[in-house]
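Chains as they are written, first to last, in our numbering: chain L, 1 to 242; chain Z, 1001 to 1267. Have a look at the structure below, then the notes.
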């Protein structure tokens, strides 16, 4: 098999998509894009195109899942069959089930569930087109959608990955870098609380690189936070003034 | 409902003890439970291990057979780790399709062994793009006493270390088993997974079932023999600070060394 190795980085640290080491892809977020959902958001993060819809707090079905002392959060991350190069089977894969779980656990610390006993807040995420870092982008949209639904929150959750490509630590790993790079580390942060709510890694990092990589990702999370904040302000403050 | 009240009481007791630097079973915060490893327990498998980590017990079997390579990875053999919690292992586990916890468990165990590149998969190729050797490492939790992530990972590593790879010859482009000839698997490094739980402001290594029932968050870090960090998974419904995570990565490396010595003896 002939493998076409894309050159991931030039000598002076310019990446295969033209970005510098510490540069994010373009991000745009739109708030309140769905009529039926209580809260929603659409994010474009590089080539990722992702919708998030939030329903609730509402009655829990099946009832045995309900918690008497607190609300519960459920999350479904799903990729459309047409979102990737080769058609994806629409049934949820093991990967999607794991990602749903880590996204739920990343959002949970930010949502004040205690205020809504016996109810559920459902977060549905649909990846319409996937590029590298779709779980982070999905999480960014989901957090904004929760805010749009008017659910009391301690903070937004902002997520971004960092990684190791051609022996250098880079921010926001794209698809090519994810496939052929040396490490990928998605991180989610509650920027005002200073809590890391998602951390995964696959790849190989020296202990020093591990620290740098995490710090790099955290810087990215804070940049993403500004975009999320601006998107929410746009809906709730500019329309209010008109 | 009842268990929620009990968990709350457990948490109070556990936290009270942690404030004095102690744990409910008398261990120090960064101390693992004793690990015992027995290999070769299933002679019909190519490799096997039964391990005990405190009250947690896992049995792993390794099956090796020729397979077709993945379409985009024709120059590599196949390595698949799975994990399941048997219904006899825990009163709260029911038979049926795996839930998200079990899927996460299996994927984190697999990731640890895959990302450290424990096995040189290039050496498992019979005919490039056509035929390779597949290694299937299946772990079953038979008694659950907390920290299934590390227990399944240790059992998988021990199972791999104990296995012998049968020899296959190519006849008419098809692999044929050569009776009686085996070799050691191509091991490059020894992955060690270390799981820690945060309870309040304290981080404890190798949590028991009681500690897990009241933890805020969990982190699993897998390191290799060269001291690299190769796989991480955060779990649980709360988070960590950056300082805590860096501390955890250092703990994972130091605790990992002791376990790795135990693995070395199996080689």
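C-beta atoms are modelled at their ideal positions from N, C-alpha and C, and glycine is treated no differently.
How many angstroms separate the CA atom of residue i from the CA atom of residue j?
i: residue 200 (chain L); j: residue 22 (chain L); result: 19 Å
i: residue 1003 (chain Z); j: residue 1020 (chain Z); result: 26 Å
i: residue 1103 (chain Z); j: residue 157 (chain L); result: 24 Å
i: residue 1099 (chain Z); j: residue 1171 (chain Z); result: 43 Å
i: residue 1066 (chain Z); j: residue 1084 (chain Z); result: 24 Å
i: residue 1263 (chain Z); j: residue 1031 (chain Z); result: 18 Å
i: residue 228 (chain L); j: residue 83 (chain L); result: 23 Å
i: residue 92 (chain L); j: residue 1022 (chain Z); result: 43 Å
i: residue 105 (chain L); j: residue 1234 (chain Z); result: 9 Å
i: residue 1226 (chain Z); j: residue 1258 (chain Z); result: 14 Å
i: residue 1209 (chain Z); j: residue 210 (chain L); result: 29 Å
i: residue 1017 (chain Z); j: residue 38 (chain L); result: 44 Å
i: residue 1248 (chain Z); j: residue 1196 (chain Z); result: 7 Å
i: residue 241 (chain L); j: residue 139 (chain L); result: Residue placement at residue 241 (chain L) is flagged as unreliable, the pLDDT there being 48, under the threshold of 50; a coordinate-derived value is accordingly withheld.
i: residue 1219 (chain Z); j: residue 144 (chain L); result: 26 Å
i: residue 175 (chain L); j: residue 181 (chain L); result: 10 Å
i: residue 11 (chain L); j: residue 1024 (chain Z); result: 55 Å
i: residue 198 (chain L); j: residue 217 (chain L); result: 11 Å
i: residue 100 (chain L); j: residue 1029 (chain Z); result: 31 Å
i: residue 148 (chain L); j: residue 1006 (chain Z); result: 36 Å
i: residue 55 (chain L); j: residue 1213 (chain Z); result: 28 Å
i: residue 1211 (chain Z); j: residue 1038 (chain Z); result: 26 Å
i: residue 1086 (chain Z); j: residue 184 (chain L); result: 32 Å
i: residue 30 (chain L); j: residue 42 (chain L); result: 5 Å
i: residue 213 (chain L); j: residue 193 (chain L); result: 20 Å
i: residue 1012 (chain Z); j: residue 1124 (chain Z); result: 52 Å
i: residue 232 (chain L); j: residue 1251 (chain Z); result: 40 Å
i: residue 1223 (chain Z); j: residue 1126 (chain Z); result: 30 Å
i: residue 1 (chain L); j: residue 1074 (chain Z); result: Residue placement at residue 1 (chain L) is poorly supported in this model, since its pLDDT is 39, which falls under 50; the coordinates still yield a value, given next. If I take the Cα positions, the gap works out to 7 Å.
Identify which residue in the options has its Cα closest to the Cα of residue i.
i: residue 49 (chain L); options: L:25, L:57, L:118; result: L:25
i: residue 141 (chain L); options: L:163, L:120, L:34, L:19; result: L:34
i: residue 226 (chain L); options: L:27, L:161, L:125, L:101; result: L:27
i: residue 1046 (chain Z); options: Z:1067, Z:1112, Z:1163, Z:1194; result: Z:1163
i: residue 1221 (chain Z); options: Z:1024, Z:1213, Z:1253, Z:1215; result: Z:1253
i: residue 1239 (chain Z); options: L:196, L:75, L:39; result: L:196
i: residue 1052 (chain Z); options: Z:1154, Z:1197, Z:1076; result: Z:1154
i: residue 1081 (chain Z); options: Z:1060, Z:1058, Z:1138; result: Z:1138
i: residue 1204 (chain Z); options: Z:1183, Z:1012, Z:1244, Z:1189; result: Z:1244
i: residue 1229 (chain Z); options: Z:1106, Z:1112, Z:1056; result: Z:1112
i: residue 132 (chain L); options: L:189, L:161, L:148; result: L:161
i: residue 117 (chain L); options: L:65, L:190, L:136, L:51; result: L:65
i: residue 1147 (chain Z); options: Z:1009, Z:1224, Z:1058; result: Z:1058
i: residue 136 (chain L); options: L:79, L:19, L:45; result: L:45
i: residue 129 (chain L); options: L:87, L:191, L:60, L:224; result: L:87
i: residue 167 (chain L); options: L:134, L:188, L:230, L:208; result: L:208
Is residue i buried or exposed, if buried means 16 or more other CB atoms sit within 10 Å of its CB?
i: residue 85 (chain L); result: exposed
i: residue 1232 (chain Z); result: buried
i: residue 1001 (chain Z); result: Its pLDDT being 45, under 50, residue 1001 (chain Z) is placed unreliably by the model, and nothing is read from it.
i: residue 98 (chain L); result: buried
i: residue 1150 (chain Z); result: buried
i: residue 236 (chain L); result: exposed
i: residue 1181 (chain Z); result: exposed
i: residue 1200 (chain Z); result: exposed
i: residue 1193 (chain Z); result: buried
i: residue 177 (chain L); result: buried
i: residue 1036 (chain Z); result: exposed
i: residue 1119 (chain Z); result: buried
i: residue 186 (chain L); result: buried
i: residue 107 (chain L); result: buried
i: residue 1198 (chain Z); result: buried
i: residue 171 (chain L); result: buried
i: residue 36 (chain L); result: exposed
i: residue 81 (chain L); result: exposed
i: residue 1088 (chain Z); result: exposed
i: residue 78 (chain L); result: buried
Original post:
Any residues in the region 166–182 of chain L with a beta carbon nearer than 7 Å to a beta carbon of chain Z? Which ones, in chain order?
Top reply: For the region 166–182 of chain L, which is checked against every Cβ of chain Z, not one residue is closer than 7 Å.
**OP:** Assess, as a yes-or-no matter, whether the region 1167–1175 of chain Z is touched by the region 1083–1096 of chain Z under the definition of 3 or more beta carbon pairs within less than 8 Å.
**Re:** Here the region 1083–1096 of chain Z does not lie against the region 1167–1175 of chain Z, with fewer than 3 beta-carbon pairs under 8 Å apart.
Original post:
Quick check: the region 119–131 of chain L against the region 199–213 of chain L, are there 3 or more CB pairs under 8 Å?
Top reply: At 8 Å Cβ cutoff, the stretches do not touch.
Subject >> Stretch pair the region 101–121 of chain L + the region 147–157 of chain L: three plus CB contacts closer than 8 Å >> reply: Result yes; three or more Cβ-Cβ pairs closer than 8 Å.
Original post:
Which residues, taken in chain order from the region 37–70 of chain L, show a beta carbon closer than 7 Å to some beta carbon of chain Z?
Top reply: Taking 7 Å as the Cβ-Cβ cut-off, the region 37–70 of chain L approaches chain Z at 68, 69, given in chain order.
Subject >> Interface residues of the region 1106–1133 of chain Z facing chain L [CB-CB below 9 Å] >> reply: Residues passing the 9 Å Cβ filter: 1106, 1107, 1108, 1111, 1114, 1115, 1116, 1117, 1128, 1129.
Original post:
Can we say the region 1057–1073 of chain Z touches the region 1126–1139 of chain Z, given the rule of at least three CB pairs closer than 8 Å?
Top reply: Touching, yes.
**OP:** Pull out every residue of the region 191–206 of chain L whose Cβ sits closer than 7 Å to any Cβ of chain Z, in chain order.
**Re:** Residues 194, 195, 196, 197, 198, 199, 200, 201, 202, 203, 204, 205, 206.
Original post:
What residues in the region 88–107 of chain L have a beta carbon less than 9 Å from any beta carbon of chain Z?
Top reply: The region 88–107 of chain L vs chain Z, Cβ under 9 Å: 94, 95, 97, 98, 100, 101, 102, 104, 105, 106.
Original post:
For the region 1234–1249 of chain Z, which residues have a CB atom closer than 8 Å to at least one CB atom of chain L, in sequence order?
Top reply: Hits within the stretch, in order: 1234, 1235, 1236, 1237, 1238, 1239, 1240, 1241, 1242, 1245, 1246, 1249.
Subject >> Residues from the region 1253–1267 of chain Z in contact with chain L, defined by Cβ distance under 7 Å >> reply: Listed by position, the residues of the region 1253–1267 of chain Z near chain L (Cβ gap below 7 Å) are 1253.
**OP:** Could you please tell me which residues of the region 209–238 of chain L, in chain order, have their CB closer than 7 Å to any CB of chain Z?
**Re:** Per Cβ criterion, the list reads 210, 211, 214, 218.
Subject >> Interface positions of the region 148–160 of chain L facing chain Z (Cβ-Cβ less than 8 Å), listed along the chain >> reply: So the list is empty, because no residue satisfies the distance condition.
Original post:
Taking a cut of 8 Å between CB atoms, which residues from the region 107–118 of chain L lie near chain Z?
Top reply: The region 107–118 of chain L vs chain Z, Cβ under 8 Å: 108, 109.
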